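Inspection log for the structure reproduced underneath, given as structure tokens.
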Amino acid sequence: MKACVLSDWEKLEILDLPMPELADGEVLVEVLYGGVCGSDVTVFHHRHPTATAPRILCHEILGRVKKINTDAPVPYKVGDKVCVFLLRSCGNCPACLTGHTSACSSLKVMGLHIDGGFAEYCKAPADCIIPVREELPNTVAALTEPFSVAFHACARAGVKAGDKVLVIGAGPIGLLSALTARYFGGKVTVSEIKKERLALAEEFGLDTLDPTEHDVFDAAREITGGVGFDVVLEVTGSQAGYDTMIKVCRECGTIVPVAIPSQPRAIQPNLFILKEIHLLGTRCCPKDEFARAAEMVWDLYKTEGLPMEKLVAKILPLEEVGEGLALQESGRCNGKVLIRIGGE
Ligand SMILES: [Zn+2]
Ligand SMILES: [Zn+2]
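As numbered in my numbering, residues -11 to 332 make up the sequence shown, in order.
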């Protein structure tokens, strides 16, 4: 099979590899699309603390079931369109034993520690194969994993109907987080400095705020009747985002930093302490929530007036994964970059 392999750090090669061999209980998937993620960039540059090479990158995988190597009943058949769940948790650590499998202390992730989706085929345990609707366009279905990150962040924050939510940053994950927070019932405002990203958020009917034109603190008071936001999702990883998130959060509100900052960030402890703010970490999405995120993507697709196809900024062939990583790293894309492998 053809695969784009990170043969050494910062070195990608198109190689002809043997097909993945299936152990008992595993499923072979023919890959249709693989999404490019910031963490692929981190692994590419050898900035990820635990990822190993050589490695096939990509953990945002849409494909079709090619072969099922188990006699146990599964909710899909050969030919079905599926997402491949990215995480392998140990099941025995304190996090796993309390149900927080995405925070497993020895978590293995496709594309980082085991081979991922930038190849014609990949394999996964049978319970990591998540069916998606046949009617859902491939390019939208391929967004299920990044949507699942947003889903877990909103679930962690406990976003509920009527909550006033501020999403700081409308990059690919910021926009998905805003759509997800609204799906949870939140009244969402998106703060973003790039005009094209603001315009895209507005096309999805989201309220927006440009901090280069308005003082965010004043705007927050106005939007929330002087109270502050119930939930703030920080999706820039910038110091400006960290300064803003505590200022605009209400007393006893909840802040979830979703983006992983590229360097250490300061938090103003006084304001944080006096407001008794809940600050919650979030990582990838556990498996049960992933299936719910897949349902959410279907619901959003069916929602009239949402130009879901605009969430994809660029589609590239397998030979141009390097270009996809560069685009992702540049921050020039106002949406997701997808690699088309077997998809039409
Ligand atoms: Zn990702
Ligand atoms: Zn574990």
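For every residue, glycine included, the Cβ atom is placed at its ideal position computed from N, Cα and C. Here the structure is a predicted model, which is why all the values come from computation and not from measurement.
Per DSSP, Y109 is not a residue of any alpha helix (DSSP H); the beta strand (DSSP E) it occupies stretches across 109 to 113.
Not a single heavy atom of ligand 1 lies less than 8 Å from the C-beta of S165. Distances from the alpha-carbon of V204 to those of G157, A169, L262 put G157 closest. Rounded to the nearest angstrom, the gap between the Cα atoms of R121 and G51 is 12 Å.
A contact between stretches requires three or more CB pairs, one per stretch, nearer than 8 Å, and the segment 71 to 81 fails this requirement with the segment 27 to 35. Spanning the alpha carbons of V147 and P249 requires a straight line of approximately 23 Å. Distances from the CB of L95 to the heavy atoms of ligand 2 include at least one below 8 Å. Contact between K152 and D218 holds: their C-beta atoms lie close to 5 Å from each other, under 8 Å.
The bridge partners DSSP lists for H266 are T242.
Cβ neighbours of V300 within its own chain (closer than 7 Å, five residues either side excluded): T127, G323, K324, L326.
The Cβ atoms of N57 and G13 lie closer than 9 Å to each other. Pairing C(-8) with V24 gives a Cβ-Cβ distance that is not under 9 Å.
At least one heavy atom of ligand 1 is found less than 8 Å from the C-beta of G26.
Taken atom to atom, the span from the alpha-carbon of D115 to that of V72 is near 9 Å. Taken in chain order, the unbroken stretches of beta strand (DSSP E) that lie wholly in the segment 109 to 159 and span 3 residues or more are 109 to 113, 117 to 119, 152 to 156. For C78, the shortest separation between its Cβ and any heavy atom of ligand 2 lies below 8 Å.
In its chain, beyond the 5 residues on either side, T132, F135, S136, F139, C273 have a beta carbon closer than 7 Å to the beta carbon of A281. V155 and A169 do touch by the CB rule: their CB atoms are close to 6 Å apart, below 8 Å.
Nearest to P6 by C-alpha distance, out of Y109, D68, E297, L315, is Y109. The nearest non-hydrogen atom of ligand 2 is less than 8 Å from the C-beta of C84. A Cβ-Cβ contact shorter than 9 Å links G269 with V244.
With fewer than three CB-CB distances shorter than 8 Å, the segment 170 to 179 does not count as touching the segment 306 to 315.
Here DSSP, grouped into helix, strand and coil, assigns C71 to strand. Under the three-state reduction of DSSP output, V19 falls in the strand class.
Counting only the Cα atoms, Y230 lies some 29 Å from L74.
Distances from the alpha-carbon of R320 to those of L306, K302, K111 put K302 closest.
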